[in-house]
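Colleague: Line by line, the protein sequences give chains L and B.
According to our numbering, the residues represented by the first sequence are 1 to 618, in order.
According to our numbering, the residues represented by the second sequence are 1 to 618, in order.
Sharing a structure below in C-alpha cells format, with a few things to ask.
There are 2 protein chains.
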Amino acid sequence: MRIAELRVLMKARGIDAYIIPHGDAHASEYMAEHWLAREWISGFTGSAGLVVVTANKAGLWTDGRYFIQAARELNDQIELYKSGEPDVLTYQAFLEKELPTGGKLGFDGRTITAAEFAKIKEALEDKNLTFAYKEDLVGELWKDRPSMPTAKAFEHPIQFAGKTVAEKLADVRAKMKEKRITAYLLTALDSVAWLFNFRGNDIKFFPVSYAFALITHTEAHVFIDSEKITLPDAIQHDYDALPKFLQDFKTEKLFYNPNTTNVLLAEAIPKGMDASKLLKPHEDIVPMLKAVKSPTELANIKNAYIKDGIVMVKMLYWLYAAMRDNPPVTEGDIVRTLKNLRKEQPFYVCDSFATISAYGENAALSHYNSGETGTTLRAEGFFLIDTGGQYLDGTTDTTRTICLGTISEEMKRDFTLVLKGNIALSRAIFLKGTTGSALDILARKPLWEHGKNYRHGTGHGLGYCLGVHEGPHNITQLYNPVPLAEGMIISNEPALYKEGHYGIRIENIIAVAAAAARPLFADEMQSQVHARLEASSSGDSDSGNCDNPENPKNPDGTFLSFETLTYCPIDLNAIAPELLTEIERNHLNAYHQKTYEILSPHLTPEESEWLKEATQPI
Amino acid sequence: MRIAELRVLMKARGIDAYIIPHGDAHASEYMAEHWLAREWISGFTGSAGLVVVTANKAGLWTDGRYFIQAARELNDQIELYKSGEPDVLTYQAFLEKELPTGGKLGFDGRTITAAEFAKIKEALEDKNLTFAYKEDLVGELWKDRPSMPTAKAFEHPIQFAGKTVAEKLADVRAKMKEKRITAYLLTALDSVAWLFNFRGNDIKFFPVSYAFALITHTEAHVFIDSEKITLPDAIQHDYDALPKFLQDFKTEKLFYNPNTTNVLLAEAIPKGMDASKLLKPHEDIVPMLKAVKSPTELANIKNAYIKDGIVMVKMLYWLYAAMRDNPPVTEGDIVRTLKNLRKEQPFYVCDSFATISAYGENAALSHYNSGETGTTLRAEGFFLIDTGGQYLDGTTDTTRTICLGTISEEMKRDFTLVLKGNIALSRAIFLKGTTGSALDILARKPLWEHGKNYRHGTGHGLGYCLGVHEGPHNITQLYNPVPLAEGMIISNEPALYKEGHYGIRIENIIAVAAAAARPLFADEMQSQVHARLEASSSGDSDSGNCDNPENPKNPDGTFLSFETLTYCPIDLNAIAPELLTEIERNHLNAYHQKTYEILSPHLTPEESEWLKEATQPI
C-alpha cells in the first residue's frame, strides 16, 4: 500500500528509482522518530539497512546482524537483499541493473551523506543519471509523521565541560588557521553540542539537540531553534535556515566532513568555496579535539565510572539475591533494576543505549533486545549484560558475562580466552603513533590460537555525555589511520559467540595514558602490579627504572599504555584459573582488589560482603 | 665542475631546475652501474637520495640512515638536506620555493616513476610548469659512463620454476580477464624474469636482465636484447623498442603499475588506453602471483634454506675455531668465508645482498659495510652477521647475533627481548585476511614493554632467485593492505640497536601455512611443540582436535600460521633464560633440536659436535 502510493508519486515526478536510507540529516547513530522513514515504508526497525524502490521492484539491503529480524518485520512487497552474501547484488549494482540510461534517481538529500552520494555517483557514472535529491516523497505520504523534536536543551556547566566555549573556539580556530580553512561547517550533533557546551533531549540515548554550526575566524553561527536554548557565545539562527545561509555565504575555503554532511547541504555550498578535501574525514577538527579528553573531563569520567560501577555491583548483588531468594527473574527485570539504580546516581541523564540483557543462547544474537520481559533466567549457563548511562560527567558502557550455576569446561575455557584477550589489551604498552588497528590482535590472540574469533570490533571511542560510540579512533581489524593518543578513551571488549548456545563478552573502558614502567616477567609480584595500578591512577609513575618506557629522553620514542576506568568484578566462577598465566592472575587479582577498595565504601554491608567474595584473589 | 657543466646545459635548454634521482628505468632496488647518475654528479653512494640543481643552488635529499655518509662523500658544491629533520624542506617544497611560475623542470624520465611524477605535479600544480622529462643531461656530460650491461641471461629450468611460461601466462590472463584488462605492461625486472622463466646477470645481487614485457590475451611481447637470450614463449623486441612500440600499440585498457613504470613509458601510452587505475599498485597481477610460492617453489626454497643453514653453521664453527686457535679475525674475513662456503653449495648463483658483518658498535649502524677488512673481532661483546645467497632454488637471508665472550646483563636482556619477539611472531596464528601490519606488534611487544623499539620493518617478502626484498606484502608498523596468504614467505627480524655500543637482530624466514592446532598454555610439552613442527613441515596437521583452527567448517573462519624455513642456531650464551616463558623455552629447544637433526648429516664431525652443543636444550 505505502509502496504503491510511493510509486504513484515517483511516476508523477519522473523518478525511476527512489532510495530510502536509515538516517537523519546529521548521520547520527541514534535519531528522533521524525527520521524513521525507512521504518515507516518497510516495517523493518533495525539500525542498518536501506530501501530502494523502482516501478516494479522494491528491496531492503541489510547486513548479517539483521537477516532474521528483517525477514520477520519486512512488509511483503519488499524483497530482502542479504548484503555480503554470495551473489547478492549491492544496492548500487541493483540500481545499475535496473535504472535506464539517462534515468532519474530520487531521494531525500538530507538523509544521505555527501560521501555516500559520491560513491553512488561513481558506481553509476556510466548511466548519465539525473539526481532528484530534494524529494522527500515518504514525507509527503507519511500523514502522522512525528514532528521534529522540540525538547529544551540545557547548558553543560563548566564544572563538567572543563573549557569555556571561547577556549574551545580558540582551539578550533588555531587548527583552522594551520590548515588554511576560513570557514568550518559542523554537522555532527555531538560536535556542535561539545563545542558550544550544551546538551539536549531530542534523541533517546544521545543527549543532544538538532543543530548545525558554522565557524569563521571572527564569527560562530549556530543553527538551533531559539525555543530550545539561548547560546551566549553564538550568533543564533533557526535550524532550517542553514541551506539558504550557505547560498549567500562568502568565504575562501569552507571545510565540511563529507561523512556527516548531507547532500542537501553539500550541494548548497558554492563549488569555489568547497574545501572538503583539505582534511581527511578522520582529521576533522572537532572530532579530533573532543576525542582527546581534557584533564577535567577525564577526572569527571573516572568519577562517572565509579558511579556506574556502584550501579553494576548493586545490580549484580540484587541478581544474586533474587536468584537465591525470590525467583523467577527475567531479562526485563534486570533492565528495570539497572535503570532504577542509575537514576539514584548524581548527574544521571539517561541510558546511553538499550541495555542488552541476554540469557543463554540469546547472548549469541547481536543486538538482542529482551523487551519488557524476555527470557526467565535459570541457575545454569551464562547471562550477558551490556549496559551504560549518560551522566553529565561521562558516558559509560560496561559488559559482564555472569555464570548463573553449572557451566561446561568448554564454557569456562571460552570465558577465560576472552578474559585473556581483555587483559592483554589492557596491559598493552605501545609506541606513540600506534593505531588501534595495530593493537587489535592483542585482544584476539588467545582466541585465534584456538581457532576462534568474534566478528566485531574490539573497541570503540566514547563521547562525554554524548554518543556511546564516538570516533575517530577505534580498535578493529579494519585499518583506521587515527593513532591512539593520550587522553582518548576506548572500549576493550573481546567476545565469543556460540550460536544457539551462549555469548561471552567482557567490556571495560580504558584511557590512553603515558606508559608506566613495570616488570614484564613471571616473577612480577602482585604488589608491583598494584603499585603500577596505583601509580597510573594517581597520575604518578615509577621513575627509578632506567628502562622506563615514558622516559622523555628515550631515544626509541615515547610510549603509551592504558588505564582501566571500569570497576566491576569479573565472574570468578566462569574462569578456568589454570589457563591464566601468573601475570594474568596477578593482574586480575590487583584489578579486583582495586575494585573492592573503590566501590565498597558506597555499598550496603550485604553488597560489600558479596563484593568481597566476588573479588577474592585466585 | 660537474655541477657547473650541468648548469651550462640546463641554461642552453631553458631548464630552471633539474632532478637527478637514484634509480634505473624499472625502479629496481639494485641496478647496473650505468644508472648511477646521482652517484656521478654528487659523489654520494647511498641507496636512497636525490639531487636537485638550479641555476644557483644544488642539494641532496637523503634520510637519517645516510646523514653521516652523505656529509663525508658529498661533492662540496651540493648542500645536504636532511629529510625528516625539523625545518628541512622536502625537495618538492624546495622546488616550489625556487622555481619561477611557468618555469621548466627537467629530468631523465626513465629514472622517475609515474607515481613519483604525479606527486611532483600535485605539489607544484600552482606553478604552471613545463616538464622536460626526456632530458638525460647527466648522460650527455658523463663521458666514461658504463654502457648498459650485456651479460647473458639463462633459462630458469622447470625443475626450479615449477610452472611453464604458458601456465603462468594463463594465470596472468585469467586475472586480466577478471579485471577487464586487455593489455598488461610489466616493468619490474623480477616480474618479467619470473613470468618468462629466465634469470640474468645484469645486476649485482639481483639475478635478472634488463627487460620489459607487454601481455595481451593473445600475444606476449618481451623487450630484451636478443644477444642475451632467446625466449621461446615470447615475441621478442629490442630493449629500447618499447616506447615506440607503445605509441603504435592499440588496445582498450592497458594496465601498468605506476610505482614501477617510468615517466617516459607512462607518457608514451595513449591516454585513452591508460587503465593504470583499474588495480591498485599493491594488487598488480604478477607481483601478487609470484608472492604466493607454488608447492614446487616452496619445496625448493626449503631446500635452499637447508643449504644456507649448512653454510651458516660451517661459518659459525669456523669463526668459533678461528677465534680460539687462529686470531685475529676481521669482519672482512667472515664475509669471505661465507662467500666461499656458499660457492660449494649446489645451484649457487651469487650473494643476495652485501653481507653485513658488524662487530660491536658497528652493528648499531644501519647499512654498515666492513669493506675488505673492517674491524678485528675481540673475545667480548656481540657480532652481527646478516647474509644471504641467490640459489636457483631460492633466495636466502639470515641474521644472527653472536656472543663472542663477556656480555653485560643488559645485553643479555636485550638479546632475549629480541628473541621473544621473534618467537612470538613465528608462533602467530591468525585469521585469513590478516595483514602483516596487524601482526607487527607481536614482534615488538617484548621490546615496547621495556620502552625499546627498532626503527625498521619487522619483515619483508623475498623473491625466488630474485630480489631479496620483494613485496607486495610485508610486516611493518605502516599500514599495508595486502593480507598474508598461504604460500607467501617473509622475514621475521626484530632487532634492537644501542648507538655506540651494539646491535642485535635475529632474522628467520617464515612461510605462511594453514594453521596447525596446538596447545597454548604453560602445560604445553616439548613433545607437543615438536609434533607440531613435524606436522607443519610435512604438510600434515593434527586433526583430532575439535578446536583445530584449520578446520574448514570452522564458523569463525580459516586460520593461518607460520612455518620457519631458516635453520641456524640462536646463540644460547646470549640468552637470559629466566626471561623466557616455558612456552618460549620449549619453542627454542624444539627449534634447536630440529636444526641439529636437519643440518648435522651435512657437517664434519667437528662441526656437528659444535652444533650439538650450540643446540642443547635450555
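Virtual Cβ for every residue (Gly too), placed ideally from N, Cα, C.
With 16 as the cutoff for other CB atoms within 10 Å, does residue 590 (chain B) come out buried or exposed?
Modeller: Per the 10 Å Cβ criterion, buried.
Colleague: Return the Cβ separation of residue 57 (chain L) and residue 98 (chain L) in integer angstroms, given the expectation that the two are a contact with Cβ distance under 8 Å.
Modeller: With 8 Å as the limit, residue 57 (chain L) and residue 98 (chain L) qualify as a contact, their Cβ atoms being about 6 Å apart.
Colleague: Keeping to the same chain, check which residues put their C-beta closer than 7 Å to that of residue 476 (chain L); ignore five residues upstream and five downstream.
Modeller: Excluding residues within five positions, the ones whose Cβ falls inside 7 Å are 436, 437, 440, 457 and 458.
Colleague: Are there 16 or more other CB atoms within 10 angstroms of the CB of residue 588 (chain B), so buried, or fewer, so exposed?
Modeller: Classification for residue 588 (chain B): buried.
Colleague: Closest by CA to residue 134 (chain L), which one among L:108, L:229, L:147 and L:122?
Modeller: The shortest Cα separation from residue 134 (chain L) among L:108, L:229, L:147 and L:122 belongs to L:108.
Colleague: Residues of chain L with a CB under 8 Å from the CB of residue 430 (chain B): which are they?
Modeller: Those are 441 and 448, listed as they occur along chain L.
Colleague: Taking Cβ-Cβ distances below 7 Å as the criterion, which residues of the segment 365-393 of chain B are in contact with chain L?
Modeller: Cβ contacts with chain L: none found.
Colleague: Let's test the definition: count the other Cβ atoms within 10 Å of the Cβ of residue 351 (chain B) and tell me whether it reaches 16, buried, or not, exposed.
Modeller: Looking at its Cβ environment, which holds 16 or more other Cβ atoms inside 10 Å, residue 351 (chain B) is buried.
Colleague: Is there at least one Cβ from chain L nearer than 7 Å to residue 452 (chain B)'s Cβ?
Modeller: For residue 452 (chain B), the answer is yes, since a Cβ of chain L falls inside 7 Å of its Cβ.
Colleague: Could you pull out every unbroken beta strand (DSSP E) segment of at least 3 residues lying fully inside the segment 230-289 of chain B, listed in chain order?
Modeller: With a minimum length of 3 residues, the continuous beta strand (DSSP E) runs that stay inside the segment 230-289 of chain B are 235-237.
Colleague: Relative to the C-alpha of residue 62 (chain L), which residue among L:89, L:77, L:76 and L:40 is closest?
Modeller: For the residues L:89, L:77, L:76 and L:40, the minimum Cα distance to residue 62 (chain L) belongs to L:89.
Colleague: Could you compute how far the alpha carbon of residue 343 (chain B) sits from the alpha carbon of residue 471 (chain B)?
Modeller: Each residue's Cα considered, the two are about 27 Å apart.
Colleague: Under 8 Å Cβ-Cβ, which residues of chain L neighbour residue 557 (chain B)?
Modeller: The answer, in chain order, is 453.
Colleague: Could you work out which residue in L:157, L:94, L:424 and L:514 is closest to residue 582 (chain L) when comparing CA atoms only?
Modeller: The shortest C-alpha separation from residue 582 (chain L) is found at L:424.
Colleague: Is residue 22 (chain B) buried or exposed, if buried means 16 or more other CB atoms sit within 10 Å of its CB?
Modeller: Per the 10 Å Cβ criterion, buried.
Colleague: Between which residues of its own chain and residue 78 (chain L) is the CB-CB distance below 6 Å, once the five residues before and five after are set aside?
Modeller: If we look at residue 78 (chain L) and ignore the five residues flanking it on each side, its Cβ neighbours are 42, 58 and 60.
Colleague: With a threshold of 16 other CB atoms inside 10 Å of the CB of residue 139 (chain B), please say whether the residue is buried or exposed.
Modeller: Classification for residue 139 (chain B): exposed.
Colleague: Cβ closer than 7 Å: which chain L residues qualify as neighbours of residue 92 (chain B)?
Modeller: Correct list: empty, because the minimum Cβ distance to chain L is about 18 Å.
Colleague: Output, in chain order, the set of chain L residues within a Cβ distance shorter than 7 Å of residue 554 (chain B).
Modeller: Here the neighbours are 451.
Colleague: Among L:498, L:305, L:358 and L:460, which one has its Cα closest to the Cα of residue 393 (chain L)?
Modeller: Selected option, being the one with the closest Cα: L:305.
Colleague: In whole angstroms, give me the CA-to-CA distance for residue 51 (chain L) and residue 289 (chain L).
Modeller: Looking at the two C-alpha atoms, the distance is approximately 35 Å.
Colleague: Should the segment 107-126 of chain L be regarded as contacting the segment 2-13 of chain L, the criterion being three or more beta carbon pairs within less than 8 Å?
Modeller: They do not touch, by the three-pair rule.
Colleague: With a threshold of 7 Å between beta carbons, is residue 502 (chain B) in contact with chain L?
Modeller: No, its Cβ sits nowhere closer than 7 Å to a Cβ of chain L.
Colleague: Can you tell which of B:54, B:2, B:16 and B:191 has its C-alpha closest to the C-alpha of residue 129 (chain B)?
Modeller: It is B:16.
Colleague: Rounded C-beta distance between residue 487 (chain L) and residue 293 (chain L)? I'm assuming under 8 Å.
Modeller: That pair is a contact at about 5 Å.
Colleague: Express the C-alpha separation of residue 467 (chain L) and residue 421 (chain B) in angstroms, rounding to a whole number.
Modeller: Roughly 38 Å between the two C-alpha positions.
Colleague: If you measure between the beta carbons of residue 165 (chain L) and residue 189 (chain L), is that distance less than 7 Å?
Modeller: No, the pair does not count as a contact, with Cβ atoms beyond the cut-off.
Colleague: Using a Cβ-Cβ cut-off of 8 Å (strictly less than) and excluding sequence neighbours within five positions of residue 151 (chain L), which residues of its own chain qualify?
Modeller: Result list for residue 151 (chain L): 200, 201, 202, 209 and 228, in chain order.
Colleague: I think residue 387 (chain B) touches residue 416 (chain B), with their Cβ atoms under 8 Å apart; what is that distance to the nearest whole Å?
Modeller: 23 Å between Cβ atoms; not a contact.
Colleague: What is the DSSP secondary structure of residue 346 (chain B), counted as helix, strand or coil?
Modeller: Correct three-state label for residue 346 (chain B): coil.
Colleague: For residue 188 (chain B), would you say it is in contact with chain L, using Cβ-to-Cβ distances shorter than 7 Å as the test?
Modeller: Not an interface residue.
Colleague: Who are the neighbours of residue 438 (chain L) on chain B, taking C-beta pairs under 8 Å?
Modeller: Those within 8 Å of residue 438 (chain L) in chain B are 437, 438, 440, 441 and 477.
Colleague: Just list the alpha helix (DSSP H) runs in the segment 150-207 of chain B, keeping only unbroken ones of 4 residues or longer that don't cross its boundaries, in chain order.
Modeller: Qualifying alpha helix (DSSP H) stretches, in chain order: 158-161, 165-178 and 189-195.
Colleague: For the segment 305-323 of chain L against the segment 597-616 of chain L, are there 3 or more C-beta pairs whose distance is under 8 Å?
Modeller: Output reads yes: the segment 597-616 of chain L touches the segment 305-323 of chain L.
Colleague: Taking buried to mean at least 16 other C-beta atoms within 10 Å of its own C-beta, is residue 101 (chain B) buried or exposed?
Modeller: Counting Cβ neighbours within 10 Å, residue 101 (chain B) comes out exposed, since fewer than 16 surround it.
Colleague: Name, please, each residue of chain L whose Cβ falls closer than 8 Å to the Cβ of residue 515 (chain B).
Modeller: Within 8 Å Cβ-Cβ: 451.
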